[in-house]
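All remarks here apply to the structure that follows.
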Amino acid sequence: MDSIEKAIRNAFEKGDPENREFREKVYRAAFAALDRALKTNPAMTVEVAINRRKSLQATITEIESEFMPAAPAVSAGAAGATPVPEVSLNGNGAAKAPSVSIGSPATGVTPVVPDIMPDATLPGGPPVEITEKRSRAERRAADRAARRAERQRPFAAMFLAVTLLAMGGIGAWWAVQTDQFKSAEEIDTSVRNPPKTLESEDFSPDGGPARPGEADQARNWITVFTPTDPTDVSAPSGTSAEVAKDDTGSFLRIRSGNTGSAVSFDVGQGVLEQIAGKHAVFDIVARAEDGKETQMAVDCNFGELGDCGRKRYIVGYQRGEYLFEMDVPDKEPGAAGTIAINSDLAKEGKAVDIYEIRVSVTE
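Residue numbers are given in the numbering used here: position 34 of the sequence shown equals residue 105, and the series is strictly consecutive.
Have a look at this one:
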């Protein structure tokens, strides 16, 4: 006995299975529960959905034959084959549920589906025409099957509970994957949110990269790079660096290309002398190309003053400020240093627009 038949026979225990209208309600609830299960399974194909509904229809036909009274034999010419119900599909690959009719089509009824089986919320089910006659041996077999069903009832209940628990777990997983539990602020990726940092071991003021303009407050900035003087920029083979301008201002568009090479920005020896022995906060004002979010990597080499470690940021089209900090050793730098920026770690040729690089210090 399969799980569908067990569930139907268990539902019979809640009422009078000898009552035809009660059986109709159970069958319609079974189709409704199947429709709900099919709709919640995005991987379900049209062919599998049709086969499962036909399997349920065959099970109901077999069960219903046990309740048909014996009748005189009819001639082969008068006996017609049980009509095969038509199963139409909606746009989601789920079967629409037509009415359930038991017995003669002339006396069929269409009662309202009660809440007999779990998740039975959709009305209707495919037509089931019962024309078979039961022999005494068949009725005895049906009685034995009913007794077996009674003994197996606890297992059917356990199976139903496990099924419902699994469906609840799948629903919760889907809700998490589609951000149903996140607030609007967490889902929002517009300019109101600070740029996302994928990897950084350094402290960033106020817990993360600053919103545009926030980093200006109460700081004395030392300019490292502006697009007005691109002579201190080195673009190796396979990369490019071009000055451009739009309504947001002037910027240097750098592109690492397919090589993954970085574009280097010189940090003058005089700048390094000013930050030596102090706590330095660097600010890279940047954005990605229009509609091409990218992952930017930043490395530093300050000679005798050490390096800043590798930083990685996700850069969107909105202009943002990407901060990192370091404690600079109290040494003579002896030479200039560099800040190297890789515009696209995925090596897909995406570009980053650099508006400014600057640094501020505290004692």
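Idealized CB from N, CA, C, for every residue including glycine.
Item: Should GLN366 and ALA417 be called a contact, given that it needs their Cβ atoms to be closer than 9 Å?; Value: yes
Item: Beta carbon of ARG383, beta carbon of ALA368: below 9 Å?; Value: yes
Item: Roughly how many angstroms lie between the CA atoms of GLY320 and GLU396, to the nearest whole one?; Value: 26 Å
Item: Pick from PHE226, ALA347, GLY242, ARG91: whose alpha carbon is nearest that of PRO400?; Value: ALA347
Item: Looking at the unbroken alpha helix (DSSP H) that takes in ASP337, where does it start and where does it end?; Value: Unbroken run through ASP337 is the beta strand (DSSP E), 334-338; no alpha helix (DSSP H).
Item: Between GLU84 and ILE134, which are expected to be in contact by the criterion C-beta below 8 Å, what is the C-beta distance as a whole number of angstroms?; Value: About 14 Å separates the two Cβ atoms, so there is no contact after all.
Item: Which of helix, strand or coil does DSSP assign to TYR384?; Value: strand
Item: Here's a check: name, in chain order, each residue in its chain whose Cβ is nearer than 7 Å to the Cβ of GLY339, leaving out the five neighbours to either side.; Value: ALA407
Item: Residues in its own chain within less than 6 Å of GLU313 by CB, not counting five upstream and five downstream?; Value: ARG324
Item: Going by other Cβ atoms of all chains shown within 10 Å of its Cβ, with 16 needed for buried, is PRO16 buried or exposed?; Value: As displayed, the chain neither begins before 72 nor continues past 434, which places residue 16 out of reach and without an answer.
Item: For the beta strand (DSSP E) containing ASN372, list its first residue and its last residue.; Value: 365-372
Item: Which same chain residues end up closer than 8 Å to ILE241 when comparing Cβ atoms and leaving out the 5 residues on each side of it in sequence?; Value: THR111
Item: Under three-state DSSP, which class holds MET397?; Value: strand
Item: Whole-angstrom Cβ separation of ASP354 and GLU392, contact assumed at under 8 Å?; Value: 5 Å
Item: Who are the near neighbours of ASN291 in its chain, counting only those whose CB is closer than 7 Å to its CB and skipping five residues on each side?; Value: SER431
Item: What are the start and end residues of the alpha helix (DSSP H) that includes SER74?; Value: 74-83
Item: Classify THR294: buried if its beta carbon has 16 or more other beta carbons within 10 angstroms, exposed otherwise.; Value: exposed
Item: How many Å lie between ASP398 and LEU236 at the Cα?; Value: 54 Å
Item: Confirm, please, whether the CB-CB distance from GLU137 to ALA213 is below 9 Å.; Value: yes
Item: Of the choices ALA103, GLU434, ILE412, whose alpha-carbon is the least far from that of ALA422?; Value: ILE412
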